[in-house]
């Protein structure tokens with residue numbers, strides 16, 4: 039499916055025309071709680087829905103769990119809309135995409151994210167309007183949700199929003215910390231996609247652009263958030279989303295989910311905490327432990343190109359550059375600083391690792407090596 043993308047100031051004003059093209063006379067509007075008003079989206083969105091029947095849902099948490107998605111799905115079935123409009127950060131967009139997919143499945147919907155059952159039918163069309171520059175969820179065909187204490191990923195081609203309205207003005211109300219953690223999510227996604235075993239020439243092209251934009255604009259966006267920096271970070275997040283839509287993420291994301299669910303570390307920060315250490319680990323790939331079918335020489339060449347993109351001459355220098363960026367935007371760089379202080383706690387992270395994401399890493403890891411990576415950022 040070809041996605042319509044409008045990226046730039048005023049993009050949100052394409053909503054009415056987008057819904058007209060879909061022949062949507064009723065919409066299920068999924069929004070963040072405070073962000074919908076604070077971002078300025080509420081007035082602009084409602085102003086375009088005056089002739090459309092609207093039901094709004096925002097009853098879910100920052101890290102949505104399966105029962106919350108199912109609550110939204112029950113609300114949808116009470117109304118039955120022609121389209122889903124999602125306005126918010128990555129969690130909001132993911133909830134909307136899951137509701138849209140579940141709406142087509144009937145009573146079997148919950149089994150998709152609880153037991154991994156394959157969807158039978160295509161999702162209801164989704165129009166995505168992000169209010170943060172980070173997750174890139176508006177550009178992906180998958181969504182994540184916590185079920186049974188673990189983060190589950192659901193993927194289906196029809197979950198790619200039919201339209202992405204990426205308006206940098208809607209991110210202007212984001213705090214410096216939110217700007218930092220969402221920006222680091224985009225950065226981590228771009229870096230991980232670049233080295234993923236599923237990387238392609240197309241995905242690496244998106245990653246290169248995203249990595250370059252984040253390095254140029256994130257710090258300024260946190261400290262002096264002028265419109266041009268906001269616009270650049272929205273572009274970076276969207277490009278990183280397009281990259282992981284092809285490749286998915288790897289080890290840093292695999293380790294991040296328990297940091298978020300157990301220690302409440304914001305997702306982008308959680309992924310970035312091990313990004314530098316994993317970069318060093320992957321750079322030491324050998325024929326014996328390479329997981330990329332293209333071989334260890336391919337991985338080493340990929341890592342060398344990544345060093346160049348980051349402006350460094352070694353893996354250790356790249357690791358320090360990532361840590362410096364994190365410190366400069368006001369975020370901790372060690373696990374101990376976010377509450378993970380004991381060997382037992384680090385062992386818990388190893389036990390909770392997301393194996394699906396781990397298998398996308400270009401160098402294979404066992405539990406001992408995962409512990410060593412975590413020890414290096416303790």
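Residue numbers (the numbering used here): 39 to 416. Glycine residues also receive a C-beta, built at the ideal position from the N, C-alpha and C atoms.
Span of the alpha helix (DSSP H) around residue i
i: residue 105; result: 104–117
i: residue 72; result: 72–76
i: residue 366; result: 353–366
i: residue 99; result: Element bounds for residue 99: n/a, residue is neither H nor E.
i: residue 297; result: 289–301
i: residue 278; result: 265–285
i: residue 258; result: 239–261
i: residue 236; result: Per DSSP, residue 236 belongs to no alpha helix (DSSP H) and is neither H nor E.
i: residue 81; result: 79–84
Residue i versus the options, residue with shortest Cα-Cα distance
i: residue 65; options: 123, 386, 153; result: 123
i: residue 200; options: 194, 181, 163, 169; result: 163
i: residue 251; options: 337, 268, 238; result: 268
i: residue 129; options: 234, 382, 220; result: 220
i: residue 274; options: 205, 298, 291; result: 205
i: residue 322; options: 399, 137, 174; result: 399
i: residue 118; options: 353, 244, 161; result: 161
i: residue 385; options: 50, 319, 409, 158; result: 409
i: residue 262; options: 60, 304, 213; result: 213
i: residue 208; options: 264, 286, 242; result: 264
i: residue 368; options: 146, 244, 215, 74; result: 215
i: residue 76; options: 337, 186, 156, 170; result: 170
i: residue 331; options: 210, 303, 236, 177; result: 236
i: residue 247; options: 258, 217, 280; result: 280
i: residue 381; options: 90, 259, 411, 63; result: 411
i: residue 329; options: 404, 239, 373; result: 404
i: residue 174; options: 89, 106, 125; result: 125
i: residue 234; options: 53, 192, 292; result: 292
DSSP beta-bridge partners of residue i
i: residue 204; result: 45
i: residue 151; result: Paired residue(s): none; residue 151 is not in a bridge.
i: residue 67; result: 94, 123
i: residue 401; result: 328
Whole-Å CB distance - residue i paired with residue j, under 8 Å assumed
i: residue 344; j: residue 232; result: 6 Å
i: residue 364; j: residue 289; result: With a Cβ gap of about 18 Å, residue 364 and residue 289 do not count as contacting.
i: residue 131; j: residue 166; result: 5 Å
i: residue 43; j: residue 202; result: 5 Å
i: residue 298; j: residue 101; result: 6 Å
i: residue 98; j: residue 110; result: 7 Å
i: residue 318; j: residue 357; result: 5 Å
i: residue 104; j: residue 152; result: 6 Å
i: residue 60; j: residue 120; result: 7 Å
i: residue 276; j: residue 176; result: 7 Å
DSSP-derived helix/strand/coil call for residue i
i: residue 191; result: strand
i: residue 340; result: helix
i: residue 56; result: helix
i: residue 89; result: coil
i: residue 173; result: coil
i: residue 140; result: helix
i: residue 223; result: helix
i: residue 350; result: coil
i: residue 333; result: coil
i: residue 50; result: helix
i: residue 132; result: helix
i: residue 318; result: helix
i: residue 308; result: helix
i: residue 390; result: coil
i: residue 157; result: coil
i: residue 415; result: coil
i: residue 196; result: helix
Extent of the continuous beta strand (DSSP E) to which residue i belongs
i: residue 168; result: 164–168
i: residue 378; result: It is not in any beta strand (DSSP E) - residue 378 carries neither H nor E in the DSSP assignment.
i: residue 181; result: 180–185
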